[in-house]
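S.K.: Take the sequence shown: its position 362, counted from the start at 1, is 756 in my numbering, and no numbers get skipped. Where a beta carbon is used, it is the ideal one built from N, C-alpha and C, also for glycine. Quick one: this structure, given as structure tokens, is what I'll be asking you about.
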Amino acid sequence: MDYISQNELKQVREEIAKVRTPETLVEGKWNISPLNRDPNVLSNFGPPRYPDSVVIRDNTLRTIEQTPGVCLSDSERQRLAAALVEAGLRSLHTALLYQPTKRLQRGDPKELLSLTSGASEKEVKFIKSLDSSIEVIVGGSTEEEVDAVVDSGADMVQIFFPCMPILNLVYGIYGRQIQRAAWRGEDWRKTIHPPLTNEALIERIQELSTYAKSKGLKVQLATPQLLHASLEYFDKLCKGASEVGIEEIGLGDGSSAFGHEAYAYLVSRAVEMAPGVRICLSRPHNGFGNAMAKAMAGIHAGAEVLEGSVNSLCTGAGQVDITEAVAALEVLYGVKTGVKMERLTSLRRLVEDISQVFMAQNKPVTGEHAWSYTEEANTEEDELGLYLHKCVNPALFGNVGRLVVGRYSGTWTMWGILNEIGVSVEKDLVPIILDEVKHEIEIRKRVLSDDEIKEIAERIKSMSG
Numbered sequence: 395m396d397y398i399s400q401n402e403l404k405q406v407r408e409e410i411a412k413v414r415t416p417e418t419l420v421e422g423k424w425n426i427s428p429l430n431r432d433p434n435v436l437s438n439f440g441p442p443r444y445p446d447s448v449v450i451r452d453n454t455l456r457t458i459e460q461t462p463g464v465c466l467s468d469s470e471r472q473r474l475a476a477a478l479v480e481a482g483l484r485s486l487h488t489a490l491l492y493q494p495t496k497r498l499q500r501g502d503p504k505e506l507l508s509l510t511s512g513a514s515e516k517e518v519k520f521i522k523s524l525d526s527s528i529e530v531i532v533g534g535s536t537e538e539e540v541d542a543v544v545d546s547g548a549d550m551v552q553i554f555f556p557c558m559p560i561l562n563l564v565y566g567i568y569g570r571q572i573q574r575a576a577w578r579g580e581d582w583r584k585t586i587h588p589p590l591t592n593e594a595l596i597e598r599i600q601e602l603s604t605y606a607k608s609k610g611l612k613v614q615l616a617t618p619q620l621l622h623a624s625l626e627y628f629d630k631l632c633k634g635a636s637e638v639g640i641e642e643i644g645l646g647d648g649s650s651a652f653g654h655e656a657y658a659y660l661v662s663r664a665v666e667m668a669p670g671v672r673i674c675l676s677r678p679h680n681g682f683g684n685a686m687a688k689a690m691a692g693i694h695a696g697a698e699v700l701e702g703s704v705n706s707l708c709t710g711a712g713q714v715d716i717t718e719a720v721a722a723l724e725v726l727y728g729v730k731t732g733v734k735m736e737r738l739t740s741l742r743r744l745v746e747d748i749s750q751v752f753m754a755q756n757k758p759v760t761g762e763h764a765w766s767y768t769e770e771a772n773t774e775e776d777e778l779g780l781y782l783h784k785c786v787n788p789a790l791f792g793n794v795g796r797l798v799v800g801r802y803s804g805t806w807t808m809w810g811i812l813n814e815i816g817v818s819v820e821k822d823l824v825p826i827i828l829d830e831v832k833h834e835i836e837i838r839k840r841v842l843s844d845d846e847i848k849e850i851a852e853r854i855k856s857m858s859g
């Protein structure tokens, strides 16, 4: 831009630097509010600072096929696993260790209610072949399932029972057993005895956890149906987990029932009740569009692990998207995740391809047009190397910032695009080309491709000559 001198640009940058810190204004990377990391601000909502680092656990392998219409082949699952490891994910939560069943025959009710898909022992071993130090976690809620997790070579078992004992009648491992018995016409009350009191449920959790640990596994205690837990039971559950050396408590919100304040409160309470046990934010769901808020609030409150998926894929409205969470933690709060941020956009594209579930073009962080702007002011600040309208360099995430012609674009935007795509024109032709491009956009109702803009520009050049 030739309308502002280098000295004037220097003055702009100096004034911006006066209201930033070295951590919140990083040349070529980002320009964010220093209030994000100000202890005086953060202490109003919890601890005076975010942790130095967190573990990002990806559960895309566990939840991708819970997404309506998504079924993957073994090779697709392996390609996904490899991409996650290549992106620096050090902890993966894969599916339940049920072997795929044969296609059900008519009149074969025995297996009708069983889980019919999931990771095999082969998948866990494949992940370990990529990098034996990758932490692999698999679910299991019986001694037999724990044995299967051991045989698979996984490192951690997630045991899960509902947080209200009476729900064992309709949910979880006991609920499934009851449903299967009822389908077979059996009186389940004679053979299945779910724990229906707080004391009995905690005793069963401790019993199974002790068994898993005796087999050399780490244990995560999941807390499904957490919204139904009384605080009294929640405290006893956390203390009981600590007593038997459970390594991790996963706080779930599968029903999207928590606001971020309540979720963070339970995190801080779990930290207090179970010292030495790390707290995991287990798939904060997005039914009200607040999964990211819950994730950030939970980490601020003391959680050490965040579990989510690429592109939020899961049941319902999805869960926290790890690509967005990693970007926010690293850039806004200075929290190290160990994830290679430059791989985030390629992860989004890969998961789109294998799932055929496509994200909105303006999806945060990794969307095709997440960092595209049409307004003239944005074009000018890009040319000047300032981060005013967008606070970060999209290249950090493997994405790009685009100049796009829209209704409010001006001549500087048009000229910048022409330069980008290698079209040289006289300055007086730029307004004419801009008008023609806008007219074509009105007709086509979409952004024009580079080739289409070139065609318009070359046509106008030839007409003017």
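(1) Does DSSP put V819 in a helix, in a strand, or in coil?
(2) Roughly how many angstroms lie between the CA atoms of D579 and G566, to the nearest whole one?
(3) Give me whichever residues DSSP pairs with N425 in a beta bridge.
(4) Where do the N-terminal and C-terminal ends of the beta strand (DSSP E) with E642 fall, by residue?
(5) Looking at the unbroken beta strand (DSSP E) that takes in F554, where does it start and where does it end?
(6) Does DSSP classify G533 as helix, strand or coil?
(7) Using three-state DSSP, classify I450 as helix, strand or coil.
(8) Kindly examine the ligand SAM and report whether one of its heavy atoms sits closer than 7 Å to the Cβ of V841.
(9) Check for me: the alpha helix (DSSP H) holding Q578 runs from which residue to which?
(10) Could you give the DSSP three-state label for Y767: helix, strand or coil?
(11) Using only CA atoms, which one of L645, A685 and N430 lies nearest to V671?
(12) Secondary structure at R598, three-state DSSP: helix, strand or coil?
(13) At what residue ranges does the stretch 660-720 contain a whole run of the beta strand (DSSP E), taking only runs of 3 or more?
(14) Tell me whether the beta-carbon of C785 lies closer than 8 Å to the beta-carbon of N425.
(15) Within a Cβ cutoff of 8 Å, which residues of the same chain sit near R497, ignoring the five residues on either side of it in sequence?
(16) With 16 as the cutoff for other CB atoms within 10 Å, does Y802 come out buried or exposed?
(17) Restricting to Cα atoms, I'd like to know which of F791, G653, L675 and I531 is closest to A721.
(18) Can you look up S803 in the DSSP assignment and give me helix, strand or coil?
(19) Going by CA-CA distance only, name the one from R838, Q750 and D829 that's closest to E470.
(20) Secondary structure at H487, three-state DSSP: helix, strand or coil?
(21) Determine the contact status of P556 and Q619, defining contact as a CB-CB distance below 8 Å.
(22) Just to confirm before moving on: does the CB-CB distance between V831 and I815 stay below 8 Å?
(23) Express the C-alpha separation of A542 and I531 in angstroms, rounding to a whole number.
M.R.: Taking the coordinates as given:
(1) V819: coil per DSSP, three-state reduction.
(2) First, the amino acid is wrong: residue 579 is Gly here, not Asp. Distance between the alpha carbons of G579 and G566 is about 20 Å.
(3) Note: N425 sits in a beta bridge opposite L419.
(4) Here the beta strand (DSSP E) through E642 covers E642 to G646.
(5) Element bounds for F554: M550 to F554.
(6) Looking at G533 - three-state DSSP - the assignment turns out to be strand.
(7) The three-state secondary structure of I450, taken from DSSP, is strand.
(8) Absence of the ligand SAM from the depicted structure is noted, as is the absence of any ligand whatsoever, leaving it without description.
(9) Note on identity: in this sequence residue 578 is Arg, with Gln being the wrong assignment. Counting along the chain, R578 sits inside no alpha helix (DSSP H), nor does DSSP assign it H or E at all.
(10) Under the three-state reduction of DSSP, Y767 is assigned to strand.
(11) For V671, the closest of L645, A685 and N430 by C-alpha to C-alpha distance is L645.
(12) Helix, per DSSP.
(13) Annotation note: the stretch 660-720 contains the following uninterrupted beta strand (DSSP E) runs of length 3 or greater, listed N- to C-terminal: 672-676 and 699-702.
(14) Cβ distance < 8 Å, so C785 and N425 count as in contact.
(15) Reliability fails at R497, whose pLDDT of 40 lies under 50, so the model's placement of it is uncertain and the value that follows must be treated cautiously. Within the same chain, R497 has no close Cβ partners at all.
(16) Y802 is classed as exposed because its beta carbon has fewer than 16 other beta carbons within 10 Å across all chains shown.
(17) Nearest option by C-alpha distance: F791.
(18) Looking at S803 - three-state DSSP - the assignment turns out to be coil, as it is neither helix nor strand.
(19) It is Q750.
(20) Strand at H487.
(21) Between P556 and Q619, the gap from beta carbon to beta carbon is short of 8 Å.
(22) It is not a contact, given that the beta carbons lie outside the stated cut-off.
(23) Answer to the nearest angstrom: the Cα atoms are 12 Å apart.
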